[in-house]
Amino acid sequence: MSELQISIRKMHTEDIPFVEEIESAVFSRPWSARAFLSAMQQDTLFVTALADERIVGYCGMYCSFEEGEITNVAVDPAHQNCGIGKALMQYLLNQAQQKGITRVILEVRISNENAMRLYRSLGFQNCGIRKNFYELPREDGMVMAWEADRR
-13 MSELQISIRK MHTEDIPFVE EIESAVFSRP WSARAFLSAM QQDTLFVTAL ADERIVGYCG
47 MYCSFEEGEI TNVAVDPAHQ NCGIGKALMQ YLLNQAQQKG ITRVILEVRI SNENAMRLYR
107 SLGFQNCGIR KNFYELPRED GMVMAWEADR R
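Residue -13 is where the sequence shown starts when you use the numbering used here, and the numbers rise one by one after that.
Written out as structure tokens, the structure is:
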């Protein structure tokens, strides 16, 4: 089996329908196209991963001075566990540093061991639990943080 070749670039508004499709396949409470469009009009970084000209993953982050908050990280279920999520996150963190962001936070379901393993491999550390943070199903969220000087 050949390795999947991906390219990563800034998300464009015309990407939203494809991103929304992945969002709906991955999350129990997916963002709408309107939510993505609204977020992209703020101080954010949203990037997409493409394979064969097709969007196979994306991630986004709100930016505020020197801090970022990851909003979404998602990979098309047919392409999960191929390194796309890690590539997206590495690209996003690199873009964040170029923008002067030195600290990034995110929440992850406490049952999502694959995501937590990925985030730890990138230097994120557990910094707390938010009780009942997620719905459908209700579940705690682990807050994780990454700091540029710890890498």
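Glycine included, C-beta positions come from ideal geometry on N, C-alpha and C.
Could you tell me which residues DSSP pairs with Arg89 in its beta bridges? Glu53, Glu133
Residue environment, Arg137, which counts as buried when at least 16 other CB atoms sit within 10 Å: Only weak support is given to the placement of Arg137: the predicted model assigns it a pLDDT of 49, under 50, and the question is left unresolved by the model.
Return helix, strand or coil for Ser24, following the three-state DSSP convention. helix
Drop a sphere of 10 angstroms on the beta-carbon of Phe32, count the other beta-carbons inside from all chains shown, and report buried for 16 or more, exposed for fewer. buried
Would you give the residue range spanned by the alpha helix (DSSP H) that Arg103 belongs to? 99 to 107
My assumption, with CB atoms under 8 Å, is that His65 sits in contact with Ala37. Please give the rounded CB distance. 7 Å
To which residues of the same chain is Ala35 closer than 6 Å at the C-beta, ignoring the five residues directly before and after it? Ile(-8), Ile(-6), Val42, Gly43, Ile70, Leu74
Identify which residue in Met26, Asp62, Val59, Arg40 has its Cα closest to the Cα of Cys49. Met26
Strictly by DSSP, which residues pair up with Gln111? Ala131
Could you tell me if Phe110 is buried or exposed, where buried requires 16 or more neighbouring beta carbons within 10 angstroms of its beta carbon? buried
When you compare only the Cα positions, how much space is there between Thr30 and Val90? 12 Å
What residues in its chain sit with their C-beta under 7 Å from that of Glu52, if we drop five residues either side in the sequence? Gly86, Ile87, Thr88, Arg89
Simplified DSSP state of Ser(-7), which is helix, strand or coil: strand
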